[in-house]
Amino acid sequence: MSKTDIFARLKEDHDKHRALFQRLEHTHGESDERRDLFEQLTIELKAHAAAEEQALYSTMMRKPATTDETRHSVAEHHEIEEMLNDLAATSMATGAWLTKFRQLRHDYLHHIEEEEEEHFPDFAKHLTAEDEQHIRAVFDRRKRAEKADASVTPEKKEDAKQ
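Numbering (UniProt numbering), first residue to last: 1 to 162.
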């Protein structure tokens, strides 16, 4: 197993997320297709973020050179989750839903681009072979468990706990 293998696995998920955003962009109103794709996207993003935090980011927090980048990414995960919950609490038939969806897509694409182009290459410099094995094993195990638990949780942003 190589360092690129771990990051290739995470990027695989990112590519799946990009495709889901693309498909959702072409849905309209309160349709079954939009509802199903949004639920799929929500579960994928929440499960991926939780597994990534438990596998990769918990490892990177223990390495002083990467704690700032790690904190930044974890904070963005929480912002994205709040945006997902807010979107779930917004009627899909409204223009507000599409506006919020586009902001979520923009923020998420920025987040994963930053991970792939800046954080992952930097993190790779600090990983031991043992770290790599741990991250891969934990990520796949946690992703399955998190996917089973993840759900769409409608909550207006202004109601989110600070």
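No residue lacks a Cβ here, since even glycine has one placed at the ideal position from N, Cα and C.
request  = Could you please give the first and the last residue of the uninterrupted alpha helix (DSSP H) stretch that includes Thr99?
outcome  = Counted as a single uninterrupted DSSP element, the alpha helix (DSSP H) harbouring Thr99 occupies residues 95–114.
key: Extent of the continuous alpha helix (DSSP H) run through Asp131   = Segment 129–149, the alpha helix (DSSP H) holding Asp131.
ask   = Beta carbon of Asp86, beta carbon of Glu25: below 8 Å?
value = Taking C-beta atoms as the reference points, Asp86 and Glu25 fail to come closer than 8 Å.
query = Out of Phe120, Ala65, Val138, which has the shortest C-alpha to C-alpha gap to Ala8?
reply = Nearest option by C-alpha distance: Phe120.
query = Given a threshold of 16 other Cβ atoms within 10 Å of its Cβ, counted over all protein chains shown, does Arg141 qualify as buried or as exposed?
reply = Around the beta carbon of Arg141, a 10 Å sphere encloses fewer than 16 other beta carbons of the protein chains shown; the residue is thus reported as exposed.
query = Are there 16 or more other CB atoms within 10 angstroms of the CB of Ser73, so buried, or fewer, so exposed?
reply = Taking all protein chains in view, the Cβ of Ser73 is crowded by 16 or more other Cβ atoms within 10 Å, so the residue is classified as buried.
Extent of the continuous alpha helix (DSSP H) run through Pro121 = Counted as a single uninterrupted DSSP element, the alpha helix (DSSP H) harbouring Pro121 occupies residues 120–124.
Under 8 Å between C-beta atoms of Lys46 and Glu81 = Yes, Cβ-Cβ distance for Lys46 and Glu81 is below 8 Å.
ask   = Alpha carbon to alpha carbon, how far is Thr27 from Lys147?
value = Note on geometry: alpha-carbon atoms of Thr27 and Lys147 lie some 24 Å from one another.
ask   = Going by Cα to Cα distance, which pick from His48, Glu30, Lys143, Arg23 is closest to Ala93?
value = The residue from His48, Glu30, Lys143, Arg23 with its alpha-carbon nearest to that of Ala93 is Glu30.
key: Spatial distance of Met1 from Ser91 (CA atoms)   = Caution is warranted here: a pLDDT of 46 is assigned to Met1, below 50, making its placement in the model unreliable, and the coordinate value is therefore given only provisionally. The straight-line gap from Cα to Cα measures roughly 45 Å.
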